[in-house]
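Student: Below are the structure tokens for one structure; questions will follow.
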Amino acid sequence: MSASGSIGGTARREPHAPESTIGRKADYLHAESTLRSWFLTTDHKRIALLYLASITGFFVIGALAAGVVRLALIVPNGAIMTNDTYNKAFTIHGVVMVWFFLIPSIPATFGNFLIPLMIGAKDLAFPKLNLTSWYVFMTGALFTLVSVVLGGVDTGWTFYAPLSTAFSNTWVLPALIGVTIVGFSSILTGLNFVVTIHTMRAPGMTWFKLPIFVWTHYATSLIFLLATPVITTALILLIAERAFHIGVFDPAYGGDPVLFQHLFWFYSHPAVYIMVLPGMGVISEIVPAFAQKKLFGYRFVAYASIGLASVTFFVWGHHMFVNGQSDLASLVFSALSFAVAVPSAVKVYNWTATIHKGSLRLDTPMLYAMGYIGLFVLGGLTGLYLATLAINQHIHATYFVVAHFHYIMVGGTVLAFLGGLHFWWPKFTGRMYSEPWGRVSALLIFLGFNVTFFPQFILGYLGMPRRYATYPAEFQLLNVLSSAGATILAAGYIFPMLYLVYSLWFGRKAPANPWNAKGLEWETASPPPTHNFLTPPEVPRIPYDYPIQAQESRDQHG
Amino acid sequence: MSAPLADGVGVARAEHFESVAQQREAATLGIWAWLITELLLFSALFLVALITRIQHPEATVAAAKHLKFWIGATNTVVLICSSLTMSMAIEFSRMGWQRAMVRAMLATAALGGLFLVLKGYEYYADWDEHMMPFLSSRPFALAETPAARLFVNLYYVATLLHALHLFTGIGLLLGMTWMAAKAGFLSRHQNWIEVYGLYWHFIDLVWILAFPILYVVNR
Amino acid sequence: MTPSHEALQLWPAAVSATASETDLLILAFTVLTLLLTVPVFVAITYFAVRYREGSEANRQPSGIRSNLIEISWMLIPFLLTLIFFVWGAKLFVQSKNPPPDAMVVEAIGRQWMWKFQHPTGQSEINNLHLPIGQPIRLHIISQDVIHALYLPAVRLQVAALPDRYTDLWFKADKVGTYHLYCSEYCGTDHSVMGGEVTFMNPGDYQDWLTHAGAQQGKVAAGRALYEAYGCAGCHEPGSAVKAPSLAGLYGSPVKLADGRTVTADDGWLRDKILNPNGDRLAEGYKQVMPSFAGRIPADELGTLIDFLKSYSSPAAGKAADATPAGATR
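Protein chains in written order, with the numbering used here: chain Y, 12 to 569; chain A, 5 to 223; chain Z, -10 to 318.
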């Protein structure tokens, strides 16, 4: 295979000639095909695919649970299912989507696959630990699914005490144990990434030549390491409280249930940045590639990633403005929450400036990226509404919050995930997917998503609380609209599952660099050989060395 | 690492690393990152204990009076000595003195075991004194002070978690000692002793935090 | 009477000055949001077209220093949004400082009902009648898990905690009937744990306190208790448990297992609720009903019995309270 990319002039997509190594035993996909070679692999690329398969499965489970929720809400009086069934459905939707899809989605698949390639290394620092993290992940999933099979858990994914510890009659313990275990999987992944990025960069690959994808995963890994242990402690205390009544959250013994909320949200707020930062990294790779233009404000975007990962630790109380914490705490958390919006805004403006005067191709990954920018901005700004104290007193725990976080998690992270999946699909599999189907699905998902979730902003401001199995009749129109949107969204999700799998056997063979993108992963074959590079890769002079360089690249000295 | 390694002592490079220096650096950074997560885990627990003390001072002092201060103090000394023997093992590993290193590792494991024995006796004494409120079958000695059980139960959670780490640590240490006794170990895996030593020191550190926070401050 | 609805409303009625100010705050914030985001959307769409690959647009760099651009678009939006932080904080602090002369109504939440205690002694279940034109402070606590009391019409909510009181205060200026919800997920019937708050002119409120309202509300309160204590879960048609129907039971003869026939009067109903193992029924009913001794306070037991007296058929019993004035939203 050869290095690709043209320098200067207008960029063109590479012609059809395949330059892949499919069929040659040297690529990682085809090197060995025994079950043992997959389930005992230490190759970061294969581990990434193990994660990809499992998180897709969990996404389907979480989506089915969401389907149950939206089905129930077609009627206002709870006629379709019992309240308990509904409560279990939204709980398992949250638990599975947060811990078994969103948190691992981009880091454990794209991060695992791409970080060694992007820095010019042969693997992560601890390959066996990487495999261990996948088995720990699956063990956590097993415990959680056991609780579903036994009859479900109905505490909400937030497990607030004393409901979860002393009042719920459902299978809370297996779910808590499952989530505790899966936290270790995150920690091990984060540890691996931090050590790899620090110690295994190729000679000449300095920090400020790294792709933003690596910066955002580094920032995410810092959060993995520093936040996850605190939820582990919180869950251990919750388990001890439920199993042994230790009293720490029980008012009868002087315990404080709000203490659990502090411990929980100290992790869970940074956790939402775990879910967001990697997606920003993906968008930061797609946009320059499809504008054939250097990322605007590279250093600001890099620093903003670290900035987000730092400030995020100081805003957790904005989930608790009305839950009985002190007024001073609420004022401080509100002010800091306004500050945390700034680094996100930096990225959005920088992506927009990158597109300005670029040379744009609107292929599927770029459609997802553009959709991401729009929806993430809306989701992020509605977060500022929630950070405003007087507004929060009205819309806390209503559908406004539900809409806000779905705009970010689905409109943001899921779109980034799908965009990245299409962008790097040729690299992972050596095949091109069907571009027309890709575009149709992207548009369908964008449409279905907005029909599902925009009405929920209105429902929330009208005062419809969340986690409601029944609701006042006047909200039915908007709920039915939202449920209808969910069916469009579901259809949109199904198409990629079909045409991507189809492409594995029937897709056009992919060249090393089908998009003319920059980055070391494009300097090796599609799919890559097991040890990533046949010859040591040449580190670029500057990051995002695209044909179109804006004035500021000369200002910033590369 | 401060002192240079003796002749014949070193690390065999794993194939995904470019150099031995890179491999050693990665292993050291990796264990430090792991230890930071463990420190946060225990710190959150100690924070909850301190909050309990702030919210219920009299009940906490009443409960803490029942802790076996002298067993705790002895155990502190035991673990500090075990850190000393572990440091010796690390030094010996650098000097290539394999037999001395193995003996120091065994001494470390023995001291760790002594800690667990003393701790077990302490738990038995607690049980005997009806200081196990989480056992619903056994009436709690301080039942008329409801908040006392908060501190007592947190003491169990913290010390049990620490004991779990120590028990696992001893298991790993014995396994590593068995491998380290074999010929050629020090030429291929010297840094394992250093990496493991950091973990052992951390277990000691957690106890050095736990002892004052649980036993001393509340007297 | 359920609040009437308009199909296309975008926000609920605002009954207090602070509620209206909150609406103004969010409206103004929305204007700023649009100012900060619409240019981004427009720009992306425009650029996607104008700078399409192969188009003849001018791609020469503009020469503006990028650091300046970066700092500007970080600082200026941030400082503008801070206006809303301050405004929101001001309203928040006001909402946390009730005037000392506020009328205090105690609110007790538990799975799955609210009990409101007026200062003059009357209590209500799930519904709340309040006067307009004076500050009202709700003094709130929970008896089990964490709940939250939410009144969209005043744009306020606060958690109901099991270990300490929390407060919510407002001054309503408009009459009408509005929703009252529990907004902290609390288990099976979280979404049913609510009712209506009715704001009334002070004169009407006094009337309500003294006679009509207390009486009319009692049947509704009794029905709420019938559901909140789980009686409906077993005694209503369609239950898996197939407990005997209570509709029309009051005053009728009941056959017992020991051969006697008794009349289901006040005393008998009270005894059966507190000690269901006594006076077992004939006709093959298996005794699985739990005892409510110690679980239901005396005044609520009385309200429940009063409800059963009037409970003639399952359909008629559905939650419906009567409010004196015509209800609006």
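Every residue gets a Cβ at the ideal spot worked out from N, C-alpha and C, and that includes glycine.
So, is Phe188 (chain Z) buried or exposed, given that buried needs 16 or more other C-beta atoms within 10 angstroms?
Tutor: Looking at its Cβ environment, which holds 16 or more other Cβ atoms inside 10 Å, Phe188 (chain Z) is buried.
Student: Measure the alpha-carbon distance for Leu342 (chain Y) versus Ala78 (chain Z) and round it to whole angstroms.
Tutor: Each residue's Cα considered, the two are about 7 Å apart.
Student: I'd like to know if Gln560 (chain Y) contacts chain Z, where contact means its C-beta is closer than 9 Å to some C-beta of that chain.
Tutor: Gln560 (chain Y) counts as touching chain Z.
Student: Rounded to whole angstroms, how far is the Cβ of His55 (chain Y) from the Cβ of Leu135 (chain Y), which I believe are closer than 8 Å?
Tutor: The pair is a contact, with the Cβ atoms about 5 Å apart (cut-off 8 Å).
Student: Please name the residue in Y:His329, Y:Leu221, Y:Asn543, Y:Leu288 whose C-alpha comes closest to that of His273 (chain Y).
Tutor: Of the candidates Y:His329, Y:Leu221, Y:Asn543, Y:Leu288, the one whose C-alpha sits nearest the C-alpha of His273 (chain Y) is Y:His329.
Student: Where do the ends of the beta strand (DSSP E) carrying Cys344 (chain Z) lie?
Tutor: Since the first and last residues shown for chain Z are -10 and 318, residue 344 (chain Z) lies out of range.
Student: Check the Cβ of Gly34 (chain A) against every Cβ in chain Y and list those closer than 7 Å, keeping chain order.
Tutor: In chain order: Ala136, Phe137, Leu202, Val206.
Student: Using beta-carbon positions only, say whether Gly266 (chain Y) and Gly167 (chain Y) come within less than 9 Å of one another.
Tutor: Not a contact, by the Cβ cut-off of 9 Å.
Student: Around the C-beta of Arg574 (chain Y), are 16 or more other C-beta atoms found within 10 angstroms, so that it is buried, or is it exposed?
Tutor: Here chain Y comprises residues numbered 12 to 569, so residue 574 (chain Y) is not present and cannot be evaluated.
Student: Does the stretch 309 to 318 of chain Y come close enough to the stretch 331 to 338 of chain Y to have 3 or more Cβ pairs within less than 8 Å?
Tutor: Touching, no.
Student: Whole angstroms are fine: how far does the CA of Val359 (chain Y) sit from the CA of Tyr10 (chain Y)?
Tutor: In the structure as shown, chain Y starts at 12 and stops at 569, and residue 10 (chain Y) therefore has no counterpart that could be examined.
Student: Less than 9 Å between CB atoms is the rule here; does Phe255 (chain Y) satisfy it with respect to chain A?
Tutor: Phe255 (chain Y) counts as touching chain A.
Student: Chain Y partners of Glu62 (chain A), CB-CB under 9 Å?
Tutor: The premise fails here: Glu62 (chain A) is roughly 11 Å from chain Y at the closest Cβ pair, so nothing lies under 9 Å.
Student: Using only the alpha-carbon positions, how far apart do Leu473 (chain Y) and Glu532 (chain Y) sit?
Tutor: In a straight line, the C-alpha of Leu473 (chain Y) is about 49 Å away from that of Glu532 (chain Y).
Student: Examine chain A for any beta-carbon lying closer than 9 Å to the beta-carbon of Ile192 (chain Y), and answer yes or no.
Tutor: Output row for Ile192 (chain Y): interface = no.
Student: Less than 8 Å between the CB atoms is what I'm expecting for Leu235 (chain Z) and Leu297 (chain Z), so what's the real figure, rounded?
Tutor: Contact holds; Cβ gap of about 6 Å.
Student: Is it true that the CB of Asn524 (chain Y) sits closer than 9 Å to the CB of Pro127 (chain Y)?
Tutor: Cβ atoms of Pro127 (chain Y) and Asn524 (chain Y): not closer than 9 Å.
Student: Using a Cβ-Cβ distance under 9 Å, would His104 (chain Y) count as near chain Z?
Tutor: No - not a single Cβ of chain Z is within 9 Å of the one on His104 (chain Y).
Student: Does any CB atom of chain A fall closer than 9 Å to the CB of Pro240 (chain Y)?
Tutor: Chain A, which has a Cβ nearer than 9 Å to the Cβ of Pro240 (chain Y), makes this yes.
Student: Within the 9 Å Cβ cut-off, does Ala245 (chain Y) reach chain Z?
Tutor: For Ala245 (chain Y), the answer is no, since every Cβ of chain Z falls outside 9 Å of its Cβ.
Student: Quick one: does Val269 (chain Y) have its CB under 9 Å from some CB of chain A?
Tutor: Closer than 9 Å: no.
Student: Just to make sure I have the definition right: I need the residues of chain A whose C-beta is within less than 7 Å of the C-beta of Ile198 (chain Y). Which are they?
Tutor: Going along chain A in sequence order, the residues near Ile198 (chain Y) (Cβ under 7 Å) are Thr41.
Student: Taking 7 Å as the limit between beta carbons, can you name the residues of its chain near Gly391 (chain Y), skipping five residues before and five after?
Tutor: Excluding residues within five positions, the ones whose Cβ falls inside 7 Å are Ala352, Ser355, Ile419.
Student: For the putative contact between Phe428 (chain Y) and Met377 (chain Y), defined by C-beta atoms under 8 Å, what is the C-beta separation to the nearest angstrom?
Tutor: That pair is no contact at about 15 Å.
Student: Using a Cβ-based criterion (distance less than 8 Å to any ligand heavy atom), does Arg372 (chain Y) qualify as near the ligand GTP?
Tutor: Inclusion of the ligand GTP in the displayed structure is not the case, the ligand content being empty and no account of it being possible.
Student: Can you name the residues of chain A whose CB is closer than 7 Å to the CB of Lys133 (chain Y)?
Tutor: Ordered by position in chain A, the residues that pass the 7 Å Cβ test against Lys133 (chain Y) are His20.
Student: So, for Thr32 (chain Y): in the same chain, excluding its five sequence neighbours on each side, which residues have a beta-carbon less than 6 Å away from its beta-carbon?
Tutor: With a pLDDT of 47 at Thr32 (chain Y), under the threshold of 50, the modelled position of this residue cannot be trusted, and the question is left open.
Student: The stretch 81 to 100 of chain Y: which residues have C-beta closer than 9 Å to a C-beta of chain Z, in chain order?
Tutor: Per Cβ criterion, the list reads Gly89, Thr93, Asn94, Asp95, Tyr97, Asn98.
Student: Within the stretch 14 to 56 of chain Z, note down every full alpha helix (DSSP H) run reaching 4 residues or more, in order along the chain.
Tutor: As far as the stretch 14 to 56 of chain Z is concerned, it has no whole alpha helix (DSSP H) run of at least 4 residues.
Student: If you count every other CB in all the chains shown that lies within 10 Å of the CB of Tyr410 (chain Y), and 16 or more means buried, which is it?
Tutor: By the neighbour-count rule (16 or more Cβ atoms within 10 Å), Tyr410 (chain Y) is buried.
Student: Helix, strand or coil for Pro141 (chain Z), going by three-state DSSP, please let me know.
Tutor: Three-state DSSP puts Pro141 (chain Z) in a helix.
Student: Determine, using beta carbons only, whether Gly184 (chain Z) comes closer than 9 Å to chain Y.
Tutor: By this cut-off, Gly184 (chain Z) is not an interface position.
Student: Could you give the DSSP three-state label for Leu202 (chain Y): helix, strand or coil?
Tutor: The answer is helix: DSSP assigns Leu202 (chain Y) an H, G or I state.
Student: Residues in its own chain within less than 8 Å of Tyr40 (chain Z) by CB, not counting five upstream and five downstream?
Tutor: Correct list, in chain order: Ala46, Arg48.
Student: So that I know if they touch, is there some Cβ in chain Y lying closer than 9 Å to that of Arg153 (chain A)?
Tutor: Yes, Arg153 (chain A) lies at the interface with chain Y (some Cβ there is under 9 Å from its Cβ).
Student: Could one say the Cβ of Leu127 (chain Z) lies closer than 9 Å to chain Y's Cβ atoms, at least one of them?
Tutor: Chain Y, which has no Cβ nearer than 9 Å to the Cβ of Leu127 (chain Z), makes this no.
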